[in-house]
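Visitor: Here you go, one structure.
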Amino acid sequence: MKRREQKFIIFHKTGTSTLLYKNGISAEVNCSDSTAVTNMIKNLVVKENIQKVEYKTLKNSYRIKDHSLLILNNSEMIFHKLPKTDYVLLSNSPKVNFNRFLDSIKPNSIIADGSNYRSDIERWQKSCSDRKLPFYYTGQKGAFILEIK
43 MKRREQKFII FHKTGTSTLL YKNGISAEVN CSDSTAVTNM IKNLVVKENI
93 QKVEYKTLKN SYRIKDHSLL ILNNSEMIFH KLPKTDYVLL SNSPKVNFNR
143 FLDSIKPNSI IADGSNYRSD IERWQKSCSD RKLPFYYTGQ KGAFILEIK
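Numbering (my numbering), first residue to last: 43 to 191.
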């Protein structure tokens with residue numbers, strides 16, 4: 043079963059965003075600094091019986107089957123031109139009007155990782171709570187794992 047298993051994992055790592063897409067026995071790690079996450083990934087490679095790992099730089103968005111992920115990491119994105127997305131990863135404490143962003147994109151869920159300031163996370167968490175929008179902070183709940191069927 044592990045040979046066909048697909049997972050998308052967003053890790054908690056202070057100061058950097060790290061995503062891993064596992065497809066069977068191979069994995070693609072997307073991060074801004076691969077040297078900072080090598081040891082963290084090694085443990086998962088053994089646990090998940092991953093035989094091939096490829097490191098790539100972080101992109102702005104990902105699509106895996108029916109799931110879409112947008113990475114919001116700066117204020118230069120033009121909200122009205124962005125497609126509807128399932129998940130939004132907040133990375134590196136983007137300086138945006140968060141409520142306006144939520145109104146424009148209407149995501150299904152918000153994820154914040156260890157690259158963000160704590161004060162920003164608390165503010166985003168409150169905005170999501172007010173809107174009854176699921177908010178996931180990797181610093182509280184551990185890595186975000188999306189198992190893809």
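Note that the Cβ used here is the ideal one computed from N, Cα and C, for glycine as well.
Return the first residue and the last residue of the beta strand (DSSP E) that Lys64 is part of.
Guide: Here residue 64 is taken as the residue at index 22 of the sequence shown, counted from 1. From DSSP, the beta strand (DSSP E) with Lys64 extends over Thr60 to Asn65.
Visitor: Could you spell out the range, first to last residue, of the alpha helix (DSSP H) harbouring Ser161?
Guide: Taking the sequence shown and counting its residues from 1, the one referred to as residue 161 is at position 119. Its alpha helix (DSSP H) spans residues Arg160 to Asp172.
Visitor: Are the beta-carbon atoms belonging to Leu100 and Cys73 less than 8 Å from one another?
Guide: Along the sequence shown, one-based indexing puts residue 100 at 58. Along the sequence shown, one-based indexing puts residue 73 at 31. Against a cut-off of 8 Å, the Cβ pair of Cys73 and Leu100 comes out as a contact.
Visitor: Given a cut-off of 8 Å, decide if Val71 and Thr60 are closer than it, judged by their beta-carbon atoms.
Guide: Against the sequence shown, residue 60 aligns to sequence position 18. Against the sequence shown, residue 71 aligns to sequence position 29. For Thr60 and Val71, yes; Cβs fall inside 8 Å.
Visitor: Any idea which residues DSSP pairs Ser68 with across the strands?
Guide: For the purposes of this step, residue 68 is taken as the residue at position 26 of the sequence shown. Answer is Asn65 and Lys94.
Visitor: Note down the Cα distance separating Ser146 from Leu131, rounded to an integer number of angstroms.
Guide: In the sequence shown, counting from the first residue as 1, residue 146 sits at position 104. In the sequence shown, counting from the first residue as 1, residue 131 sits at position 89. When rounded, the distance between both Cα atoms is 16 Å.
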